[in-house]
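Q: Heads up: the sequence lines are chains A and B, in that order. In short: position in the first sequence from 1, add 4, done, that's the numbering used here. In short: position in the second sequence from 1, add 21, done, that's the numbering used here. Below are the structure tokens for one structure; questions will follow.
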Amino acid sequence: MKQLLKEPLIHFFLLGALLFVLYSQVNKSDTEQDIVIDNADVEHMAELWRMQWQRPPTTEELQGLIDKYVNQEVLYREALRMNLDHNDEIVKRRLAQKMEFLGQDLSGLVSPASEKNLKAYFEAHQKDFETPYLYSFYHVIFTPDNHTNPSEKAKTVLREFKETSPLKMKTYGDNFPLDFEISDTDAFFLKREFGEQFSKQLETLPTGQWTGPIVSGYGVHLVYIESRTPPSIPNFIDVKDEVQREYEYQMEQESQEAILKALRDNYKVRITADNLEKATTDELAQNQQP
Amino acid sequence: MKKSIFISASFIIMFLIGCKNDPKTNVSESVSHAEESTTESKVKVNPNKDAYFGNLHVHTSWSFDGYTNGSVTTPDDAYRWAKGEAIPGGGGGGDLQIKVPLDWYAVSDHAEYMGVFKKMEDPESPFSKLPIAKRITSDDVSVSFAAFAEVLDGMNKGVPQDELTDSNLAKSLWKEIIAIGDKHNEPGKFTTFSAFEWTSAPNNRNLHRVVLFGNNSNIPSLPYSVFDSAKPEDLWVYMENARTKGATLLAVPHNGNASDGMMFELVDSEDNAITKAYSETRMRNEPLYEITQIKGTSEVHPDLSPNDEFANFELWDYTLSAITERPKNRKGSYLREAYKDGLKLDSEGAGNPFKYGIIGDSDTHNSASSIEEDNYTGKFGMENNPEHRLEGIPGNKEASNQQIREFSSGGLAGVWAESNTRESIFEALKRKETFGTSGPRMKVRFFGGYNYSEDLVSQTNWLNTAYESGVPMGSNLQSSTGKSPTFVIHAVKEADGANLDRIQVIKGWLDANGKTHEKIYNVAMSDGRTAESNGNVSDVGNTVDIKNASYTNDIGATELKTVWTDPDFNAQQYAFYYVRVLEIPTPRWSTYDAKTLGIEPRKDLPATIQERAWSSPIWYNPN
Chain A
5 MKQLLKEPLI HFFLLGALLF VLYSQVNKSD TEQDIVIDNA DVEHMAELWR MQWQRPPTTE
65 ELQGLIDKYV NQEVLYREAL RMNLDHNDEI VKRRLAQKME FLGQDLSGLV SPASEKNLKA
125 YFEAHQKDFE TPYLYSFYHV IFTPDNHTNP SEKAKTVLRE FKETSPLKMK TYGDNFPLDF
185 EISDTDAFFL KREFGEQFSK QLETLPTGQW TGPIVSGYGV HLVYIESRTP PSIPNFIDVK
245 DEVQREYEYQ MEQESQEAIL KALRDNYKVR ITADNLEKAT TDELAQNQQP
Chain B
22 MKKSIFISAS FIIMFLIGCK NDPKTNVSES VSHAEESTTE SKVKVNPNKD AYFGNLHVHT
82 SWSFDGYTNG SVTTPDDAYR WAKGEAIPGG GGGGDLQIKV PLDWYAVSDH AEYMGVFKKM
142 EDPESPFSKL PIAKRITSDD VSVSFAAFAE VLDGMNKGVP QDELTDSNLA KSLWKEIIAI
202 GDKHNEPGKF TTFSAFEWTS APNNRNLHRV VLFGNNSNIP SLPYSVFDSA KPEDLWVYME
262 NARTKGATLL AVPHNGNASD GMMFELVDSE DNAITKAYSE TRMRNEPLYE ITQIKGTSEV
322 HPDLSPNDEF ANFELWDYTL SAITERPKNR KGSYLREAYK DGLKLDSEGA GNPFKYGIIG
382 DSDTHNSASS IEEDNYTGKF GMENNPEHRL EGIPGNKEAS NQQIREFSSG GLAGVWAESN
442 TRESIFEALK RKETFGTSGP RMKVRFFGGY NYSEDLVSQT NWLNTAYESG VPMGSNLQSS
502 TGKSPTFVIH AVKEADGANL DRIQVIKGWL DANGKTHEKI YNVAMSDGRT AESNGNVSDV
562 GNTVDIKNAS YTNDIGATEL KTVWTDPDFN AQQYAFYYVR VLEIPTPRWS TYDAKTLGIE
622 PRKDLPATIQ ERAWSSPIWY NPN
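Right under this line is the structure:
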């Protein structure tokens with residue numbers, strides 16, 4: 005039974021039944037050939053108008069809205085009667101997509117983002133929430149614009165001023181639009197600012213001293229790492245929002261797949277076509293330039 | 022079979038209930054989400070500003086055309102992609118993943134998507150021109166669809182009007198899009214915005230605008246679509262109305278190149294002359310222009326500026342017509358010309374309706390703005406396959422395939438903001454402290470003033486001085502007391518990208534006879550090159566190995582900087598100045614694809630390109 009309650013398709017049906025009852029409660033008195041415009045309809049039309057034009061409609065405009073509504077309703081119903089919606093590619097796609105949306109909404113019912121579920125998800129996927137390396141460091145840069153051999157230059161500076169205080173070193177590097185002091189910055193950000201290889205190299209450098217040279221996308225650096233915090237698993241409570249986002253995303257995908265699979269199982273799909281090969285080379289694909 | 026009828030029924034009921042309840046009580050209620058400030062982590066603030074790179078022109082499968090063209094991704098996927106995750110790509114290709122994540126992103130699906138259900142029957146609607154497949158296959162009518170029709174017919178009577186049905190659907194999707202953005206917004210780390218695209222294209226002439234919201238307070242409950250109006254003036258009314266109700270928003274037009282002269286026409290939508298009120302309204306609502314994107318670059322065309330040796334860059338010379346029609350009018354289609362026209366209008370008392378700041382953007386319809394040339398995955402889902410991109414999509418007309426080959430990989434918006442937050446980035450967009458790039462994350466600084474010293478950029482705190490004694494890109498110079506303006510210009514390459522070739526200043530001005538002119542100054546060059554007496558500069562060279570689709574940074578510069586004074590300044594003349602920074606040549610995406618496929622690059626496409634950045638201008642007004 006417990007298993008059954010977790011089954012998205014069951015919820016699908018239950019929800020349908022519930023909505024069926026609800027619907028009959030609120031249904032209006034319109035019958036097949038009746039089109040009723042009641043107070044609520046008029047209010048609604050006027051409100052839509054107000055939203056667009058920032059004023060209520062005039063009597064004439066309201067009459068126009070009602071006429072338009074009646075005309076549309078008549079045409080719409082006749083269209084349905086003539087089955088014009090059948091085999092219309094757009095109708096099909098839209099309905100299929102709405103079913104997908106419905107499937108997504110359902111996942112919230114089947115696997116709600118309760119504290120318990122989130123914690124369980126977090127425990128099972130801890131690696132995904134690992135914090136990146138975190139650094140505080142000083143650095144100076146030597147670029148190829150200013151030095152024919154930036155690496156040699158860096159080595160020379162390091163040899164000569166290795167023992168100097170971290171702050172003093174600033175004057176020996178190039179004037180470049182990167183901060184000299186980088187504090188509490190994670191590898192994610194460093195990768196964007198300095199390029200891929202720079203932050204990778206920081207992982208193994210000694211701390212508490214001037215060291216290098218190491219390479220970035222801009223040039224060659226000497227680095228003084230003050231602190232390096234290796235990756236760790238955060239507390240659940242600190243990443244709860246993120247866990248919830250991931251959890252809901254995963255659950256939506258899963259319930260979508262489950263529903264689709266369950267629904268598909270009701271159908272016998274037979275591919276009677278024998279022109280598949282021909283079609284893959286000749287079939288006209290749609291293409292537009294919106 | 023009963024089962025599937027029931028499923029259909031329950032689904033439709035659910036939909037109708039949604040329609041019934043929601044709007045009647047809440048129709049005028051604005052969508053409002055409190056800005057979350059749950060993060061305790063401190064947000065970095067830099068008064069001298071950092072460049073934050075992102076895109077605000079991004080479609081997903083929730084855009085109708087994204088869906089029909091093979092996109093399998095949602096707005097959620099789009100944000101995941103921008104943050105560095107791999108997402109499914111569809112189109113017979115692999116996953117999509119950016120190499121270096123972006124700083125901010127805004128999904129801007131077509132507003133019309135939400136109304137298309139209604140408009141599909143309307144022969145006047147542009148949507149009827151889309152290849153809406155109306156395949157009538159008479160035998161194979163699905164039984165569940167017959168059931169659906171019955172149920173719908175029977176149940177539908179409670180729906181107030183079918184227009185409402187649509188606006189309800191639109192509202193709920195719009196709400197959903199806003200909520201998804203909120204989920205991914207992390208102040209200081211990654212910023213998201215709510216946005217939609219208004220898709221006006223009279224006679225296939227592109228007038229599209231992306232509408233972007235600075236925050237999620239008081240967002241109108243419905244986006245504005247071309248079905249409301251195809252005139253930009255009416256879009257601005259919608260925006261002003263939203264603003265009086267507390268929303269913060271701006272619009273960004275794009276693809277003047279596909280407008281056949283309509284984007285920057287010298288009349289309004291009713292063919293009236295442009296007035297000061299028109300100019301002010303336009304600029305209040307749309308401060309920025311998307312200078313480059315997948316459907317080409319609209320800075321300048323060689324026909325308009327024959328002396329610009331770099332004008333022929335990723336042009337895409339088509340209208341939006343499905344039958345690959347060429348535009349006839351260059352004037353009114355390209356930004357530089359519009360800048361010049363703007364000076365003239367301004368001098369005639371009509372204000373300047375084209376005082377646009379610059380961004381680059383994508384227009385992907387597959388969630389991923391694959392701006393990296395060596396990681397390009399196409400505009401539509403179907404292009405997620407190098408063979409499709411280069412050799413054509415099977416069944417497509419050759420002309421359509423050529424349009425796809427001529428797509429650029431799209432660009433990026435660079436924003437100088439104090440911090441990576443909605444408020445800070447939106448303010449920067451509004452004040453036009455922005456630049457566009459054709460994809461690389463090079464950073465461009467540009468300041469104008471009268472008191473900058475010649476050696477300013479070699480001083481350590483030059484940025485403070487630049488801000489303190491002048492104005493940044495997107496601003497107006499103060500009027501001159503006779504002194505020529507001086508500009509501080511700085512560019513640095515993308516960390517893991519190609520080196521820089523040169524910095525150019527592009528100046529436009531209006532002479533005493535009411536004629537406009539332009540001139541390009543080469544102001545900073547790599548490798549010790551200097552300008553000849555006629556201003557020309559020798560080529561930077563080309564290290565591209567076409568066969569292997571690779572290049573080296575043996576030429577070019579990491580960083581270029583200069584303080585430049587206009588040698589031809591006339592204090593009586595209206596003028597604008599903007600900066601263009603060129604990279605050294607690198608392989609075009611089609612060259613990377615050719616290598617992947619093991620074939621020769623096509624001769625009708627450039628094998629290498631010089632990617633670039635454009636700053637927002639600084640304007641000079643003599644009055």
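All residues carry an ideal CB built from backbone N, CA and C; glycine is no exception. Given the structure is predicted, the values throughout are model-derived calculations rather than measurements.
By DSSP's criteria, P493 of chain B is part of a beta bridge. Which residues make up the other side?
A: DSSP output for P493 of chain B lists B:F468 as bridge partner(s).
Q: If you check the beta carbons only, do S637 of chain B and K453 of chain B fall under 8 Å apart?
A: It is a contact, given that the beta carbons lie within the stated cut-off.
Q: With 16 as the cutoff for other CB atoms within 10 Å, does L171 of chain A come out buried or exposed?
A: So L171 of chain A counts as exposed.
Q: Looking at the C-beta of G177 of chain A, does it have a partner C-beta in chain B at a distance below 8 Å?
A: Not an interface residue.
Q: Would the segment 508–515 of chain B and the segment 581–600 of chain B be scored as touching if the rule is three or more Cβ pairs under 8 Å?
A: Touching, yes, given that three or more Cβ pairs across the two stretches are closer than 8 Å.
Q: Could you tell me whether the Cβ atoms of V436 of chain B and T455 of chain B are closer together than 8 Å?
A: Yes, they are a contact pair.
Q: What is the residue span of the alpha helix (DSSP H) that Y595 of chain B lies within?
A: Counting along the chain, Y595 of chain B falls outside any alpha helix (DSSP H), and DSSP gives it neither H nor E.
Q: For L123 of chain B, name the three-state secondary structure that DSSP assigns.
A: If DSSP states are grouped into helix, strand and coil, L123 of chain B belongs with coil.
Q: Using a threshold of 8 Å, state whether the C-beta atoms of S84 of chain B and H386 of chain B are closer than that.
A: Yes. Within cutoff.
Q: Of all the options B:G317, B:N328, B:P327 and B:P348, which has the alpha carbon lying nearest to the alpha carbon of F334 of chain B?
A: Out of B:G317, B:N328, B:P327 and B:P348, B:G317 has the C-alpha closest to the C-alpha of F334 of chain B.
Q: Which residues does DSSP list as the beta-bridge partners of S571 of chain B?
A: Note: S571 of chain B sits in a beta bridge opposite B:D566.
Q: Applying the 10 Å Cβ sphere with the 16-neighbour rule, what's the burial state of D183 of chain A?
A: Answer is exposed; the Cβ neighbour count stays below 16.
Q: So that I know if they touch, is there some Cβ in chain B lying closer than 8 Å to that of F180 of chain A?
A: Yes, F180 of chain A counts as interfacial toward chain B.
Q: Does chain A have any CB closer than 8 Å to the CB of K451 of chain B?
A: Not one chain A Cβ lies under 8 Å of K451 of chain B.
Q: Classify P253 of chain B as buried or exposed, calling it buried when 16 or more other Cβ atoms lie within 10 Å of its own Cβ.
A: Result: buried.
Q: Just verifying my parser: in three-state terms, what is the DSSP assignment at S146 of chain B?
A: For S146 of chain B, the predicted structure reports a pLDDT of 34, less than 50, and the residue's modelled location is therefore unreliable. A value from the coordinates is still provided. In this structure, S146 of chain B counts as coil in the three-state DSSP scheme.
Q: For K568 of chain B and chain A, any beta-carbon pair shorter than 8 Å?
A: With 8 Å as the cut-off, K568 of chain B does not count as an interface residue toward chain A.
Q: Return yes when the Cβ of Y355 of chain B is within less than 8 Å of the Cβ of E320 of chain B, no when it is not.
A: Contact: yes.
Q: Going straight from the alpha carbon of E632 of chain B to that of P608 of chain B, what length do you get?
A: Roughly 10 Å between the two C-alpha positions.
Q: Does V513 of chain B come within less than 8 Å of chain A when only Cβ atoms are used?
A: At least one chain A Cβ lies under 8 Å of V513 of chain B.
Q: Should K195 of chain A be flagged as near chain B, meaning a C-beta pair shorter than 8 Å?
A: By this cut-off, K195 of chain A is an interface position.
Q: What is the residue span of the beta strand (DSSP E) that K210 of chain B lies within?
A: Here K210 of chain B belongs to no beta strand (DSSP E), and DSSP marks it neither H nor E.
Q: Would you tell me roughly how many angstroms separate the C-alpha atoms of I70 of chain A and I414 of chain B, rounded to the nearest one?
A: Straight-line Cα distance between these residues: approximately 47 Å.
Q: Starting from the Cα of A512 of chain B, find the closest Cα among B:N574, B:G503, B:E580 and B:V544 and give me that residue.
A: If we check each option's Cα against that of A512 of chain B, B:E580 comes out closest.
Q: Taking just the CA atoms, how far does R347 of chain B sit from T340 of chain B?
A: When rounded, the distance between both Cα atoms is 6 Å.
Q: Can you tell me which of the three DSSP states V74 of chain A falls into?
A: V74 of chain A falls in the helix class under three-state DSSP.
Q: Three or more C-beta pairs under 8 Å: does that hold for the segment 613–620 of chain B against the segment 400–414 of chain B?
A: Flag = yes, the segment 613–620 of chain B and the segment 400–414 of chain B touch.
Q: Please list, in chain order, the residues of the segment 533–554 of chain B that have any C-beta partner in chain A closer than 7 Å.
A: Answer set for the segment 533–554 of chain B: empty.
Q: Check whether the Cβ of T302 of chain B lies closer than 8 Å to any Cβ atom in chain A.
A: By this cut-off, T302 of chain B is not an interface position.
Q: Only counting the same chain, and skipping five residues up and downstream in sequence, which positions put a Cβ closer than 8 Å to that of R264 of chain B?
A: If we look at R264 of chain B and ignore the five residues flanking it on each side, its Cβ neighbours are L270.
Q: Strictly under 8 Å for the Cβ-Cβ distance: is R249 of chain A near chain B by that measure?
A: It does: the Cβ of R249 of chain A has a partner Cβ on chain B nearer than 8 Å.
Q: Let me check one thing: in DSSP terms, what residues is H530 of chain B bridge-paired to?
A: Per the sequence shown, the amino acid found at residue 530 of chain B is Trp instead of His. Per DSSP, B:H538 and B:A596.
Q: Can you round the beta-carbon distance between N563 of chain B and P606 of chain B to whole angstroms, since I take them to be within the 8 Å contact cut?
A: The pair is a contact, with the Cβ atoms about 4 Å apart (cut-off 8 Å).
Q: Is it buried or exposed for K120 of chain A, if we count other Cβ within 10 angstroms and need 16 for buried?
A: Exposed, by the Cβ-count rule.
Q: What does DSSP give as the partner residues of A438 of chain B in its beta bridges?
A: DSSP lists B:D71 as partners of A438 of chain B.
Q: Based on the DSSP secondary-structure assignment, which residues constitute the bridge partners of N76 of chain B?
A: Answer is B:Y126, bridged to N76 of chain B.
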